[in-house]
Amino acid sequence: DAGVIQSPRHEVTEMGQEVTLRCKPISGHNSLFWYRQTMMRGLELLIYFNNNVPIDDSGMPEDRFSAKMPNASFSTLKIQPSEPRDSAVYFCASRRAGGSYNEQFFGPGTRLTVL
Amino acid sequence: AQTVTQSQPEMSVQEAETVTLSCTYDTSESNYYLFWYKQPPSRQMILVIRQEAYKQQNATENRFSVNFQKAAKSFSLKISDSQLGDTAMYFCAFMKESGGSNYKLTFGKGTLLTVNP
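Chains as they are written, first to last, in this note's numbering: chain A, 1106 to 1220; chain B, 852 to 968.
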């Protein structure tokens, strides 16, 4: 199994630009999570999908952030317009319903730098 | 809301020795899961060990074991025979047993462990 795939691995952009992060969960997993990691706030959940439906988006910082999951094998996290404080590592994770101990499998992350 | 506290921002240990990382949590839930994740310099999040709150027996995975004290809301990680490859950031995480609705992980701030040769 290829694991959770995220692209790009690194993204450098200028303030005001639109940024789109992509995630492909593990095949057969029905839950998908987007986390953000910063030095100040640590790892925090942004949004969580179950069977392609957003369940909990309480962690999405503001309207500049949006996430979609058009099908079971693809999700995007979009920031428009981006700001320097959005610089962070963004992780995608997936989970299989009924999986042992509710384990979440993480992707390698996307390091975003907004100048 | 749940909170997870890791009181040791950094720790170091000599190769082959034993080290214990601390974690406490606050919750009103009775059923939940606890995890330790490892994040090496590669940035990949790797599950090290997990514990179900209803199980009294402490989980073990090879050189890794936990000391789960439910009443004290404590979940420490012991690494025996430390190896250079254990150098990483270690995160304690909590997930409530929600009956099928929300599998959100709440993380502590992490402990940076350095294993010295």
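Heads up, the beta-carbon is just placed ideally off N, CA and C, and yes, glycines get one too.
Asked, Found
"Secondary structure at P1189/A, three-state DSSP: helix, strand or coil?", "helix"
"Using 10 angstroms around the beta-carbon of Y941/B, count the other beta-carbons present and answer buried if the total reaches 16, otherwise exposed.", "buried"
"Which residue wins for smallest C-alpha separation from F926/B, given the options V917/B, Y954/B and P968/B?", "V917/B"
"Quick one: grab the DSSP three-state call for D836/B.", "Only positions 852 to 968 of chain B appear in the structure, and residue 836/B is not among them; the question remains open."
"M946/B CB to nearest chain A CB: under 7 angstroms?", "yes"
"Would you say L898/B reaches chain A, if we count a Cβ-Cβ gap shorter than 7 angstroms as a contact?", "yes"
"First and last residue of the beta strand (DSSP E) that includes Y884/B?", "Y883 to Q890"
"Tell me, please, whether the CB atom of N1207/A is closer than 7 angstroms to any CB atom in chain B?", "yes"
"R1201/A lies in the beta strand (DSSP E); which residues open and close that run?", "Per DSSP, R1201/A belongs to no beta strand (DSSP E) and is neither H nor E."
"Considering T878/B, what are the terminal residues of the beta strand (DSSP E) in which it resides?", "It is not in any beta strand (DSSP E) - T878/B carries neither H nor E in the DSSP assignment."
"Starting from the Cα of E880/B, find the closest Cα among Y888/B, V899/B, Y905/B and L898/B and give me that residue.", "Y905/B"
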